[in-house]
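Undergrad:
Shown next as structure tokens:
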């Protein structure tokens with residue numbers, strides 16, 4: 003039954019809390035993210051429903067479920083809230099020295115050399131800022147950004163559209179084949195499954211694994227495998243020991259310095275494919291902070307990965323590069 007209409011202005015806070023509850027299905031999630039008590043969150047939602055004169059949630063269900071009108075309302079306010087957050091970030095894009103708090107998430111691909119240097123640089127550049135660093139899979143970093151648990155992430159760009167986030171492409175990182183240096187079997191025989199050397203693959207829940215498997219299916223390759231792992235260093239160790247071969251990227255290969263003397267990196271046979279690494283941020287992350295991180299990351303990636311590989315492996319020059 004429709005609620006009696008109450009004529010007053012919509013509260014931005016009520017809209018934001020409604021969005022969080024709608025996407026997470028609980029008052030607790032909105033309470034944790036906003037720092038408000040559960041009763042205060044509930045009060046905001048009731049006021050919003052009274053203001054609109056409709057029920058947005060089925061209050062008899064747990065977890066919280068949107069009514070048809072609630073679903074329609076959520077669709078309409080998502081873009082509006084994104085625009086408001088973006089406008090706030092642009093209006094407050096002042097000096098980075100004034101920033102007070104930054105929550106940064108990255109994939110482990112950068113954590114050996116690049117992220118430690120970035121952390122030191124940001125600490126010096128933002129002297130009054132408190133930092134929180136989080137390392138995880140691309141999926142985890144994107145999810146934390148969507149739940150507003152991070153402000154900024156450096157991650158693999160997902161294939162689906164980032165509706166509520168902003169992305170800035172950073173690096174094109176092509177997929178390459180890595181074989182044991184002692185292997186006498188040909189690259190084509192190994193990749194196409196005609197050799198006995200098994201395929202050592204990334205764990206199927208990782209974004210990089212899905213990209214690789216999709217490409218292998220596209221070209222009709224089905225290679226036997228006996229090992230699956232979420233850690234690139236472990237895969238490199240196994241290949242170096244002669245236990246199999248794998249598909250990875252130059253950026254990941256650059257982290258396996260101790261194993262490189264026992265490894266050979268090859269261009270992927272046939273049509274090449276790559277992943278894109280990007281800086282992904284929430285709409286309310288300061289533009290000046292994003293630009294600072296972007297500029298420093300480009301410098302560090304160039305120094306630690308791109309320049310050394312372009313010198314040692316010339317065939318990577320056209321594919322392993324920063325995105326302008």
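Residue numbers (the working numbering): 3 to 326.
Positions of the beta carbon are idealized from the N, C-alpha and C atoms, including for glycine.
Please read these numbers as outputs of a predicted model, since none were measured by experiment.
Taking residue 268 as part of the beta strand (DSSP E), name the residues at either end of that continuous run.
TA: 265–269
Undergrad: Under the rule that 16 or more other beta-carbon atoms within 10 Å means buried, what is residue 313, buried or exposed?
TA: Exposed.
Undergrad: Does the pairing of the segment 314–323 with the segment 189–201 give three or more beta-carbon distances under 8 Å?
TA: no
Undergrad: How big is the Cα-Cα spacing for residue 253 and residue 120?
TA: Here the alpha carbon of residue 253 sits roughly 16 Å from the alpha carbon of residue 120.
Undergrad: Going by DSSP, what residues sit across from residue 282 in a beta bridge?
TA: Beta-bridge pairing links residue 282 to 155 and 169.
Undergrad: With DSSP run on the structure shown, which of helix, strand or coil describes residue 59?
TA: strand
Undergrad: Quick check on the burial criterion: 16 or more other C-beta atoms within 10 angstroms. Buried or exposed for residue 122?
TA: The residue is exposed, with fewer than 16 neighbouring Cβ atoms inside 10 Å.
Undergrad: Using three-state DSSP, classify residue 314 as helix, strand or coil.
TA: In this structure, residue 314 counts as helix in the three-state DSSP scheme.
Undergrad: For residue 106 versus residue 181, is the C-beta distance shorter than 8 Å?
TA: no
Undergrad: What is the rounded straight-line gap between the Cα of residue 217 and the Cα of residue 255?
TA: 19 Å
Undergrad: Beta-carbon within less than 7 Å of residue 199's beta-carbon, same chain only, minus the 5 sequence neighbours each way: which residues are those?
TA: Take residue 199, set aside five residues on each side of it, and the residues of its chain with a beta-carbon closer than 7 Å to its own are 185, 187, 192, 246 and 247, in chain order.
Undergrad: Where do the ends of the beta strand (DSSP E) carrying residue 249 lie?
TA: Per DSSP, residue 249 is one residue of the beta strand (DSSP E) stretching across 248–250.
Undergrad: In terms of residue numbering, what span does the alpha helix (DSSP H) encompassing residue 66 cover?
TA: Per DSSP, residue 66 belongs to no alpha helix (DSSP H) and is neither H nor E.
Undergrad: Nearest-angstrom Cα distance between residue 72 and residue 162?
TA: Rounded to whole angstroms, residue 72 and residue 162 show a C-alpha spacing of 24 Å.
Undergrad: What does the alpha-carbon distance come out to for the pair residue 13 and residue 300?
TA: For residue 13 and residue 300, the distance between alpha carbons rounds to 40 Å.
Undergrad: Roughly how many angstroms lie between the CA atoms of residue 158 and residue 55, to the nearest whole one?
TA: 43 Å
Undergrad: Quick one: Cα of residue 310 to Cα of residue 303, how far?
TA: 10 Å
Undergrad: Helix or strand or just coil, what does DSSP make of residue 236?
TA: helix
Undergrad: If you follow the beta strand (DSSP E) that residue 136 is in, where does it begin and where does it stop?
TA: 132–137
Undergrad: Using CA atoms only, rank isn't needed, just tell me which of 15, 285, 27 and 31 is closest to residue 170.
TA: 285
Undergrad: May I ask you to verify whether the segment 120–140 touches the segment 255–266, counting CB pairs closer than 8 Å and requiring at least 3?
TA: no
Undergrad: In three-state terms, what does DSSP make of residue 9?
TA: With a pLDDT of only 49 at residue 9, under the threshold of 50, the placement of this residue in the model should not be trusted; the figure read from the coordinates follows. Three-state DSSP puts residue 9 in coil, outside helix and strand.
Undergrad: Would residue 69 pass as a contact of residue 102 if the rule is Cβ separation under 8 Å?
TA: no
Undergrad: Can you tell me which of the three DSSP states residue 175 falls into?
TA: strand
Undergrad: Nearest to residue 144 by alpha carbon, out of 49, 209, 59 and 74?
TA: The closest CA to that of residue 144, considering only 49, 209, 59 and 74, is found on 209.
Undergrad: Would you mind reading off the limits of the alpha helix (DSSP H) that contains residue 48?
TA: Segment 40–54, the alpha helix (DSSP H) holding residue 48.
Undergrad: Quick check on the DSSP output: the alpha helix (DSSP H) that includes residue 300 runs from which residue to which?
TA: 289–303
Undergrad: Tell me the rounded alpha-carbon separation between residue 33 and residue 148.
TA: 16 Å
Undergrad: Who does residue 182 pair with in a DSSP beta bridge?
TA: 265
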